[in-house]
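*Asks:* Input: one structure, supplied below.
2 protein chains.
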Amino acid sequence: MELWYTEQHTDNVRFSIKVDKPLYTDQSEFQRIDVFHSKEFGNFFTLDGLMMVTEKDEFIYHDMIVHVPMATNPKIKNVLVIGAGDGGTVRELTRYSTIEKIDMVEIDKMVVDVCREYFPQTACKLDDPRVQLYFEDGLKFVRSKENTYDLIIVDSTDPFGPGEGLFTKEFYGNCYKALKEDGILVNQHESPYYQEYAKSMQRAHKRIRELFPVCRVYQAHIPSYPSGHWLFGFASKTYDPLSDIDDKAWNSLGLKTKYYNTEIHKGCFALPNYVLELLVNAGE
Amino acid sequence: MELWYTEQHTDNVRFSIKVDKPLYTDQSEFQRIDVFHSKEFGNFFTLDGLMMVTEKDEFIYHDMIVHVPMATNPKIKNVLVIGAGDGGTVRELTRYSTIEKIDMVEIDKMVVDVCREYFPQTACKLDDPRVQLYFEDGLKFVRSKENTYDLIIVDSTDPFGPGEGLFTKEFYGNCYKALKEDGILVNQHESPYYQEYAKSMQRAHKRIRELFPVCRVYQAHIPSYPSGHWLFGFASKTYDPLSDIDDKAWNSLGLKTKYYNTEIHKGCFALPNYVLELLVNAGE
Numbered sequence: 001m002e003l004w005y006t007e008q009h010t011d012n013v014r015f016s017i018k019v020d021k022p023l024y025t026d027q028s029e030f031q032r033i034d035v036f037h038s039k040e041f042g043n044f045f046t047l048d049g050l051m052m053v054t055e056k057d058e059f060i061y062h063d064m065i066v067h068v069p070m071a072t073n074p075k076i077k078n079v080l081v082i083g084a085g086d087g088g089t090v091r092e093l094t095r096y097s098t099i100e101k102i103d104m105v106e107i108d109k110m111v112v113d114v115c116r117e118y119f120p121q122t123a124c125k126l127d128d129p130r131v132q133l134y135f136e137d138g139l140k141f142v143r144s145k146e147n148t149y150d151l152i153i154v155d156s157t158d159p160f161g162p163g164e165g166l167f168t169k170e171f172y173g174n175c176y177k178a179l180k181e182d183g184i185l186v187n188q189h190e191s192p193y194y195q196e197y198a199k200s201m202q203r204a205h206k207r208i209r210e211l212f213p214v215c216r217v218y219q220a221h222i223p224s225y226p227s228g229h230w231l232f233g234f235a236s237k238t239y240d241p242l243s244d245i246d247d248k249a250w251n252s253l254g255l256k257t258k259y260y261n262t263e264i265h266k267g268c269f270a271l272p273n274y275v276l277e278l279l280v281n282a283g284e
Numbered sequence: 001m002e003l004w005y006t007e008q009h010t011d012n013v014r015f016s017i018k019v020d021k022p023l024y025t026d027q028s029e030f031q032r033i034d035v036f037h038s039k040e041f042g043n044f045f046t047l048d049g050l051m052m053v054t055e056k057d058e059f060i061y062h063d064m065i066v067h068v069p070m071a072t073n074p075k076i077k078n079v080l081v082i083g084a085g086d087g088g089t090v091r092e093l094t095r096y097s098t099i100e101k102i103d104m105v106e107i108d109k110m111v112v113d114v115c116r117e118y119f120p121q122t123a124c125k126l127d128d129p130r131v132q133l134y135f136e137d138g139l140k141f142v143r144s145k146e147n148t149y150d151l152i153i154v155d156s157t158d159p160f161g162p163g164e165g166l167f168t169k170e171f172y173g174n175c176y177k178a179l180k181e182d183g184i185l186v187n188q189h190e191s192p193y194y195q196e197y198a199k200s201m202q203r204a205h206k207r208i209r210e211l212f213p214v215c216r217v218y219q220a221h222i223p224s225y226p227s228g229h230w231l232f233g234f235a236s237k238t239y240d241p242l243s244d245i246d247d248k249a250w251n252s253l254g255l256k257t258k259y260y261n262t263e264i265h266k267g268c269f270a271l272p273n274y275v276l277e278l279l280v281n282a283g284e
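From first to last, the protein sequence lines are chains D and C.
For the first sequence, the UniProt record's numbering assigns the number 1 to the initial residue and increments by one for each residue that follows.
For the second sequence, the UniProt record's numbering assigns the number 1 to the initial residue and increments by one for each residue that follows.
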């Protein structure tokens with residue numbers, strides 16, 4: 001027999017991966033979690049059937065969500081990570097000895113438990129002494145925080161199901177308040193290519209733009225995500241990722257990365273005209 | 001019933017598009033040609049089952065294969081286009097009033113005939129008076145040319161079947177000879193992500209690098225191609241696409257483009273570390 005995992009990128013587009021072996025399946029309090037092994041992507045897991053992390057290309061997402069803000073402000077010390085149950089974002093953050101504290105708030109403990117078992121590649125730094133895990137709703141957690149973090153990373157699922165609250169104006173407003181006066185907010189920002197994703201991207205952008213003086217969007221090639229064209233949001237109270245990046249400082253750290261480099265940093269903010277148009281028209 | 005077109009991106013990865021209506025199918029002297037209509041991508045056509053052009057995203061490929069060299073050297077007058085039976089590359093070239101002559105060499109006349117019928121969006125400028133069509137093998141055509149073209153664009157299929165000769169050292173060597181002393185060669189350069197494509201990319205890069213003093217690779221997000229992460233090669237005898245681009249001159253032309261802009265031009269040459277490594281190790 002053959003076993004294929006299929007994700008519907010739209011009603012009319014499917015992406016399928018041949019599965020060698022299903023490794024895990026369960027329903028948590030919040031969502032269905034499945035883990036598979038495949039030849040092409042290694043282990044991968046899905047939440048409610050949607051692709052989250054593959055061993056083959058998780059480095060792209062995690063490089064881009066972490067190193068872009070860290071190269072922009074190397075003085076970041078206190079970080080809040082929301083979502084990110086696989087641990088990949090925390091793994092990249094812990095490579096900076098200058099970071100003192102990482103609060104990670106994941107609503108679904110079962111995701112973390114599953115990733116500890118099946119994704120040691122991403123979950124390997126969740127026990128770093130600087131990391132504090134909270135199994136709570138990120139939306140509620142951030143509400144009580146004020147002037148606390150240098151960086152907030154929203155590493156959420158898509159805005160359907162448990163991730164929905166992390167795309168609201170209330171949430172971004174609370175992030176603003178929880179950030180110090182030179183704080184940076186980075187979020188996974190969906191994709192511009194298929195209409196449903198593009199709408200989510202526009203909504204998120206409109207809301208963030210109303211709150212933060214600096215509001216930019218950058219892109220990466222993530223082939224296991226719908227369309228492979230994925231976006232991230234960079235918002236801040238002062239720092240600009242293009243004028244404030246300190247190439248030399250970041251390169252002198254000697255971090256080995258498989259995707260990110262300081263040229264990519266500068267290049268990834270250059271967006272295609274059709275994406276720029278979608279962003280300008282967001283919420284009109 | 002449901003009808004789905006499926007392309008195997010690897011033995012273990014499939015990309016499928018729901019087909020509203022098959023529009024055409026035939027076997028030419030060289031390859032099988034199929035045209036379909038779909039909700040998500042509009043009309044699209046395949047050669048030997050591999051995706052070539054979709055109405056939804058052909059603008060990305062054609063913008064990037066044409067405007068990058070044209071913005072680097074606005075004095076380009078004589079152009080040779082190899083392959084490109086759909087006409088999209090010629091369409092973009094004809095937007096430059098400064099171009100005087102375009103030789104287009106497509107081995108398979110049936111591709112052009114089919115595209116004239118089903119893809120007026122791309123084939124619309126094939127009758128421009130500056131365009132001369134040759135239905136010949138590009139490999140043979142270019143052999144007899146010397147010091148003739150300012151720009152050669154190799155808009156070929158993948159290096160399996162009829163496109164194979166367009167990835168050989170002999171072919172690139174003949175392109176070098178056919179170019180004037182400040183000539184530019186741009187070619188579709190496959191993808192770095194799945195192994196078989198990455199090998200083709202490495203082979204092409206190694207061969208071009210041995211011939212041209214300037215040899216760079218740039219990338220674009222083309223969701224209908226395998227992995228969505230697609231590369232182009234830029235090789236030349238003198239021009240460097242980053243130091244020689246004249247933003248102001250290009251922007252003053254007032255060309256409306258849906259993907260390309262001069263910021264993308266500068267950003268698209270910044271490649272991920274894993275791609276840089278594949279290129280450095282090409283042919284070792």
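The beta carbon of each residue, even a glycine, is placed where N, CA and C say it ideally should be.
All figures in this text were calculated on a predicted structure; none of them were measured in a lab.
Between D/Asp-108 and D/Pro-162, which are expected to be in contact by the criterion C-beta below 8 Å, what is the C-beta distance as a whole number of angstroms?
*Replies:* With a Cβ gap of about 7 Å, D/Asp-108 and D/Pro-162 count as contacting.
*Asks:* Is D/Glu-190 closer than 8 Å to D/Ala-204 when the C-beta atoms are compared?
*Replies:* Cβ distance < 8 Å, so D/Ala-204 and D/Glu-190 count as in contact.
*Asks:* Would you kindly work out how many angstroms separate the C-alpha atoms of C/Ala-4 and C/Met-52, rounded to a whole number?
*Replies:* The amino acid at residue 4 of chain C is misidentified as Ala; the sequence shows Trp. When rounded, the distance between both Cα atoms is 16 Å.
*Asks:* Does chain D have any CB closer than 8 Å to the CB of C/Pro-241?
*Replies:* no
*Asks:* Once you ignore the five residues that flank C/Lys-145 on each side, which residues in its own chain have a CB closer than 6 Å to its CB?
*Replies:* Ala-178
*Asks:* When the Cβ atoms of the stretch 233-252 of chain C are set against those of the stretch 82-96 of chain C, are three or more pairs found closer than 8 Å?
*Replies:* no
*Asks:* Closest to D/Gly-42 by CA distance: which of D/Tyr-274, D/Phe-119, D/Asn-261, D/Asp-11 is it?
*Replies:* D/Phe-119
*Asks:* By DSSP, does C/Arg-91 sit in helix, in strand, or in coil?
*Replies:* Three-state DSSP puts C/Arg-91 in a helix.
*Asks:* Counting only Cβ pairs nearer than 7 Å, list the residues of chain D close to C/Glu-40.
*Replies:* Thr-10, Asn-12, Val-13
*Asks:* Less than 8 Å between CB atoms is the rule here; does C/Glu-2 satisfy it with respect to chain D?
*Replies:* no
*Asks:* Listing by chain order, which chain C residues have their CB less than 8 Å from the CB of D/Gly-228?
*Replies:* His-221, Pro-223, Ser-227, Gly-228, His-229
*Asks:* Rounded to whole angstroms, what is the Cα-Cα separation between C/Asp-128 and C/Ser-38?
*Replies:* 29 Å
*Asks:* Since I believe D/Val-214 is in contact with D/Tyr-239 (beta carbons under 8 Å), could you give me their beta-carbon distance rounded to a whole number of angstroms?
*Replies:* 7 Å
*Asks:* Let me know if C/Lys-140 comes out buried or exposed under the rule of 16 or more other beta-carbons within 10 Å of its beta-carbon.
*Replies:* exposed
*Asks:* Mapping the DSSP letters down to three states, classify C/Leu-166 as helix, strand or coil.
*Replies:* When secondary structure is reduced to three states using DSSP, C/Leu-166 falls in the helix class.
*Asks:* Quick one: residues in its chain with C-beta nearer than 8 Å to the C-beta of residue 291 of chain C, no 5 flanking neighbours on either side, listed in chain order?
*Replies:* The requested residue 291 of chain C is not part of the displayed model; chain C covers only 1 to 284.
*Asks:* Do D/Ile-60 and D/Met-110 have their CB atoms nearer than 8 Å?
*Replies:* no
*Asks:* If you follow the alpha helix (DSSP H) that D/Arg-116 is in, where does it begin and where does it stop?
*Replies:* 109-118
*Asks:* Counting only C-beta atoms, is D/Ser-16 closer than 8 Å to chain B at any point?
*Replies:* Although the question refers to chain B, the structure presented lacks it and instead comprises the protein chains D and C.
*Asks:* At a CB-CB cut-off below 8 Å, which residues of chain D make contact with C/Cys-268?
*Replies:* Gly-267, Ala-270
*Asks:* Is it a yes or a no for the stretch 165-178 of chain D touching the stretch 223-231 of chain D, going by three-plus beta-carbon pairs under 8 Å?
*Replies:* no
*Asks:* Note down, in chain order, every chain D residue with its Cβ under 7 Å from the Cβ of C/Tyr-274.
*Replies:* Lys-258, Tyr-259
*Asks:* From the DSSP output, read off the bridge partner residues of C/Pro-22.
*Replies:* Under DSSP, the beta-bridge partners assigned to C/Pro-22 are C/Phe-36.
*Asks:* Where does D/Leu-255 sit, in a helix, a strand or coil, going by DSSP?
*Replies:* coil
*Asks:* Does the beta carbon of D/Ile-245 sit closer than 8 Å to a beta carbon anywhere in chain C?
*Replies:* no
*Asks:* Report all residues from its chain with a CB closer than 7 Å to the CB of C/Thr-54; omit the five preceding and five following residues, and keep chain order.
*Replies:* Hits under 7 Å: Phe-41, Gly-42, Phe-44, Ser-224.
*Asks:* Compute the distance between the beta-carbons of C/Ala-71 and C/His-265, then report whether it is under 8 Å.
*Replies:* yes
*Asks:* Take C/Leu-80 as the anchor and find which of C/Asp-155, C/Glu-170, C/Ser-243 has the nearest alpha-carbon.
*Replies:* C/Asp-155
*Asks:* Please state the DSSP three-state secondary structure of D/Thr-54.
*Replies:* strand
*Asks:* I want to see whether chain D comes within less than 8 Å of C/Tyr-5, judged by CB atoms only; does it?
*Replies:* no
*Asks:* Measure the alpha-carbon distance for C/Asp-26 versus C/Tyr-194 and round it to whole angstroms.
*Replies:* The alpha-carbon atoms of C/Asp-26 and C/Tyr-194 are separated by roughly 29 Å.
*Asks:* Alpha helix (DSSP H) containing D/Gln-31: first to last residue?
*Replies:* First-last for D/Gln-31: undefined, no H or E at that position.
*Asks:* Thinking C-alpha only, which one of D/Leu-166, D/Phe-167, D/Glu-164, D/Leu-151 is nearest D/Pro-67?
*Replies:* Note on identity: in this sequence residue 67 of chain D is His, with Pro being the wrong assignment. Checked all of D/Leu-166, D/Phe-167, D/Glu-164, D/Leu-151; the closest Cα to D/His-67 is D/Leu-151.
*Asks:* Can you list the beta strand (DSSP E) stretches of 3 or more residues lying completely in the stretch 166-210 of chain C, in chain order?
*Replies:* 179-188
*Asks:* Check the Cβ of D/Ile-264 against every Cβ in chain C and list those closer than 7 Å, keeping chain order.
*Replies:* Identification of chain C residues near D/Ile-264 by a Cβ-Cβ cut-off of 7 Å yields Ala-270, Pro-272, ordered along the chain.
*Asks:* Do C/Lys-258 and D/Asn-273 have their CB atoms nearer than 8 Å?
*Replies:* yes
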